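Report on the structure given below.
Residue numbers (the numbering used here): 597 to 1099.
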């Protein structure tokens, strides 16, 4: 009897775990249908990583820290649990790709090494394509462990340039031959051709903590051109700070690296009033190529984005709907912090109108008389006429931050509008034939009100080209001028701490 029952006992023992697995699978399927409806995704039920902004890189964090389980419930009960509070104002793809952090993210995602795996070092480039009407690709590059050769004044990289894969070319990744040059002899191609060489083997190449930023400027005095270049450099460094070096797993560049970073100027322009701002991320003294030491030295070299590649140039002649810019906000506040200007000091009392006093060209005829008249016809208003060109840039910024209404004839002086407080007013007086939209769009990105008025048409003087508005003074009738200023002032009568009747 025992012998005949043994096979059945063995079979039953084998069958039991099989039945158990079947039951578990069945119950799991039922639970899944209940827990995850057909239209759901598993990712919908996974916790999201906390979002980290570019500004967080200024804070010391330990990536190895373990989550604080004790406070996990409190975190879940924060405002993040109410998605209604996470809504952001609508921004078109056009605006996101040019003026939001998406611009930096796209550059970050384009990171491409251009040297073969067997090379001594690597040259990593990043690219962006935002100029819709221009076939150019905007690029910047980082070359590691370049050896400066004083004989020909060039940085030599131990890099055997590789051929891009079919997949890379299909995705539009450009090679080094696509480096662009820009007006006034600037851009990464100009830097590359004049100061960089690739060699299969470079004697003395070794890892180094030192960085050299190669720079060839458009000029030294025009605030718009200079600030576009400085801004493009800061964005280049932001991308390097947020992109991992595949060789080390660490960012290509950190805030701490600024102590070992130097600006090397390849042009022979004057220093100009904006010179010191180049040191925001490069703490070593600025040096010119003529003064560079005649000795071999190893440097990580950076060929930054050109100033002319800055997306702000893409709003010159057509109005766009972009009404905010994280990139512009970050840049202007970095500069204000650099000059130790309190960005939150409140405005109270009478409104302050600052007129940009141009001394050489495109002056407003009878401007002094008009400003005097404003004091008698518009209450709660102080006016001042300022020649920014006669001041240091730090002094200019202090005046702009105390300004409620910035008024000027079309020109680079209105670049100061990017430093106005959000909610201020910019008034642009344009030559009668000019349809420029750049400062209109800039004011929108800052969050300011923009008002414009065109000059009254005048007959051309004999022998002069009427279309040459660059040098001609403009005339705006007194009544028109005062009417525009009334609108500007009344726009601010009930903002901030102020509370005035408009009539």
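Glycine residues also receive a C-beta, built at the ideal position from the N, C-alpha and C atoms.
As the structure is a prediction and not an experimental result, all values here were calculated from the model.
- Where residue 1048 is concerned, the enclosing beta strand (DSSP E) starts and stops at 1045–1050.
- When C-beta atoms of the segment 1016–1031 are compared with those of the segment 884–892, fewer than three pairs fall below 8 Å, so the two segments do not count as touching.
- A residue is called buried when at least 16 other Cβ atoms come within 10 angstroms of its Cβ; residue 1068 meets this threshold and is buried.
- DSSP places residue 906 in no alpha helix (DSSP H); its state is neither H nor E.
- The Cβ atoms of residue 1013 and residue 1049 do not sit closer than 7 Å to each other.
- According to DSSP, residue pairing for residue 742 in a beta bridge involves 895.
- Secondary-structure assignment with DSSP links residue 884 through a beta bridge to 861.
- Residue 797 sits away from residue 768, with the two beta carbons spaced by 7 Å or more.
- Apart from the 5 residues on each side of it in sequence, residue 706 sits with its Cβ closer than 6 Å to the Cβ of 722 and 723 in its chain, given in chain order.
- The three-state secondary structure of residue 1000, taken from DSSP, is coil.
- Excluding sequence positions up to five before and after residue 868, its CB lies within less than 6 Å of the CB of 816 and 817, all in the same chain and listed in chain order.
- Proximity to residue 809 across 875, 821 and 760 peaks at 875, based on C-alpha coordinates.
- Residue state for residue 1005 is assigned as strand, using DSSP reduced to three classes.
- The DSSP assignment places complete beta strand (DSSP E) segments of no fewer than 3 residues inside the segment 903–977 at 947–952, in order along the chain.
- In the DSSP assignment, residue 752 falls within the beta strand (DSSP E) that extends over 750–754.
- The beta carbon of residue 1087 sits closer than 7 Å to those of 1021 and 1045, all from its chain and outside the five residues before and after it, given in chain order.
- Runs of beta strand (DSSP E) with 3 or more residues, each lying fully within the segment 767–816, are found at 792–795 and 807–811, listed in chain order.
- Put simply, the backbone Cα of residue 805 is about 11 Å away from that of residue 850.
- Bounds of the beta strand (DSSP E) holding residue 1021 are 1021–1026.
- As the crow flies, the alpha-carbon of residue 713 is around 14 Å from that of residue 761.
- Look at residue 729 here: in three-state DSSP terms it is coil, with no helix or strand label.
- Nearest to residue 821 by C-alpha distance, out of 1007, 980 and 892, is 1007.
- Taking C-beta atoms as the reference points, residue 927 and residue 827 count as a pair closer than 7 Å.
- Between residue 892 and residue 800, the gap from beta carbon to beta carbon is short of 7 Å.
- Residue 707: not part of any alpha helix (DSSP H); DSSP gives it neither H nor E.
- DSSP, reduced to helix, strand and coil, places residue 875 within a helical segment of the structure shown.
- With contacts defined by Cβ atoms closer than 7 Å, residue 1005 and residue 1054 do not form a contacting pair.
- For residue 980, the pairing in a beta bridge is given by DSSP as 950.
- In its chain, beyond the 5 residues on either side, 813, 814 and 903 have a beta carbon closer than 7 Å to the beta carbon of residue 825.
- Taken through DSSP and simplified to helix, strand or coil, residue 734 comes out as strand.
- Classified as exposed, residue 1098 has fewer than 16 neighbouring CB atoms from the shown chains inside 10 Å of its CB.
- Per DSSP, residue 1077 is one residue of the alpha helix (DSSP H) stretching across 1074–1087.
- According to the DSSP secondary-structure assignment, residue 720 is paired through a beta bridge with 709 and 738.
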